[in-house]
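Asker:
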Amino acid sequence: MIPAIRQQTIVNLLSENEIMYMDDLIMQLDVSSSTLRRDLGKLEKSGMITILHGGGVQMNRKNTELSIAAKLNLNKDAKNKIALKACSFIEDNDVIFIDPSSTTLQMIPYLVNRKITVVTNGFYHISQLASHQIPCIMIGGNIKQATNSCIGPLAESALRGLNFNKCFLGSNGFSINYGITNHDINEFTIKKIAMEQSVKPYFLLDSSKYNIVTMIKVASLTDADIITEKRIPELDEYENIIVADNI
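Residue numbering for the sequence shown follows this note's numbering, starting at 275 and increasing by one per position.
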């Protein structure tokens with residue numbers, strides 16, 4: 275099992291159990307104690323878990339993923355600015371992919387009456403697209419309850435069969451040293467495929483996510499244009515950082 279998948283398995287196990295002990299994790303994962311300690315060290319450094327005295331391990335609940343419903347009211351003004359700016363890059367006849375993030379959801383009202391097709395793997399998103407009568411395609415697969423989205427092999431296979439002019443993606447954090455990062459290996463894979471299948475990828479990341487580092491690196495800062503709502507001085511040298519506060 276590759277380290278990223280093994281570490282995601284640890285996160286999944288800890289999400290289902292208040293506390294687990296190293297002996298239990300070694301047995302569940304069928305790994306050596308040294309391998310487990312390396313994995314736990316990386317997860318603790320990312321802020322995902324806390325290692326307790328006595329060999330216990332628990333999730334750091336401050337960094338667990340909120341549902342999309344809970345995220346909708348967080349930094350709402352910033353997300354709206356970013357969404358409006360993102361829509362300014364969409365052209366007639368574009369086929370675009372939007373992932374199931376709360377910021378991409380804010381794009382949908384601005385897409386009404388546009389001559390485009392929108393592909394998504396988000397249930398909230400497809401419902402809003404349909405209610406606004408925007409031409410849309412739903413990617414199916416395994417359901418992730420927290421984000422009301424489809425992930426897994428079926429979703430990945432369907433996504434690989436499509437080509438996009440642009441994709442618009444969210445993520446959990448971004449930083450100079452660690453790039454754009456995400457909690458979930460399945461979401462990571464969807465984002466990577468969407469980027470590969472798109473002529474132009476964009477990440478929509480409000481400034482509250484700056485210097486937040488989670489487990490999996492999705493991309494370097496320079497791999498896509500990043501739209502945020504206000505200037506971040508440390509990122510002034512990056513020409514691909516787009517500030518939305520001038521709209």
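Don't be surprised by glycine CBs; every beta carbon is placed ideally from N, CA and C. Model, not experiment: these values are computed from the prediction.
Whole angstroms is fine: what's the gap from SER494's alpha carbon to GLY329's?
Answerer: The alpha-carbon atoms of SER494 and GLY329 are separated by roughly 34 Å.
Asker: Going by CA-CA distance only, name the one from ASN460, THR455, ILE400, ILE506 that's closest to ASP497.
Answerer: It is THR455.
Asker: Among residues of its own chain, excluding the 5 on either side of ILE467, which ones have a beta-carbon nearer than 7 Å to its beta-carbon?
Answerer: Around ILE467: GLU430, LEU433, ARG434.
Asker: Are any of the Cβ atoms in chain D nearer than 8 Å to that of LYS355?
Answerer: No chain D is present in this structure, which holds just one protein chain.
Asker: Do the CB positions of GLN402 and ILE382 come within less than 8 Å of each other?
Answerer: Result yes, Cβ atoms of GLN402 and ILE382 sit closer than 8 Å.
Asker: Using DSSP with H/G/I as helix, E/B as strand and the rest coil, what is LEU478?
Answerer: Note: LEU478 maps to strand in three-state DSSP.
Asker: With 16 as the cutoff for other CB atoms within 10 Å, does VAL386 come out buried or exposed?
Answerer: Burial call: exposed.
Asker: Could you give the first and the last residue of the continuous beta strand (DSSP E) run that contains PHE442?
Answerer: It spans 438-443 - the beta strand (DSSP E) in which PHE442 sits, taken as one unbroken run.
Asker: Between the segment 306-315 and the segment 283-297, do at least 3 Cβ pairs fall closer than 8 Å?
Answerer: Segments in contact, yes.
Asker: Using the beta-carbon count (16 or more within 10 Å), is VAL473 buried or exposed?
Answerer: Result: exposed.
Asker: According to DSSP, is ASP313 part of a helix, a strand, or is it coil?
Answerer: In the structure shown, ASP313 sits in a helix (DSSP, three-state: H, G or I).
Asker: In three-state DSSP terms, what is ILE279?
Answerer: Helix at ILE279.
Asker: Along the beta strand (DSSP E) that carries ASN451, what are the first and last residues, could you check?
Answerer: ASN451 -> no beta strand (DSSP E), and no H or E assigned at all.
Asker: Would you identify the three-state DSSP class for PHE363, choosing helix, strand or coil?
Answerer: Coil.
Asker: Can you round the beta-carbon distance between LYS465 and ASP351 to whole angstroms, since I take them to be within the 8 Å contact cut?
Answerer: The Cβ separation is near 25 Å, so there is no contact.
Asker: For ASN460 and MET469, I'd like the C-alpha separation in whole angstroms.
Answerer: Computed Cα separation, rounded: 14 Å.
Asker: Could you pull out every unbroken alpha helix (DSSP H) segment of at least 4 residues lying fully inside the segment 386-422, listed in chain order?
Answerer: For the segment 386-422, whole alpha helix (DSSP H) runs of length 4 or above, ordered along the chain, are 397-405.
Asker: With 16 other CB atoms within 10 Å as the buried threshold, where does GLY315 fall?
Answerer: By the 10 Å Cβ count, GLY315 comes out exposed.
Asker: Please return the same chain residues whose Cβ sits closer than 6 Å to the Cβ of PHE462, not counting the five positions on each side in sequence.
Answerer: Here the set comprises ASN456, ILE490, VAL492.
Asker: When DSSP labels each residue in this structure, what does ASP297 get in the three-state scheme?
Answerer: Three-state result, ASP297: helix.
Asker: At the level of alpha carbons, what is the spacing between LYS440 and ILE400?
Answerer: C-alpha separation (whole angstroms): 17 Å.
Asker: Do THR378 and LEU478 have their C-beta atoms within less than 8 Å of each other?
Answerer: A contact, by the Cβ cut-off of 8 Å.
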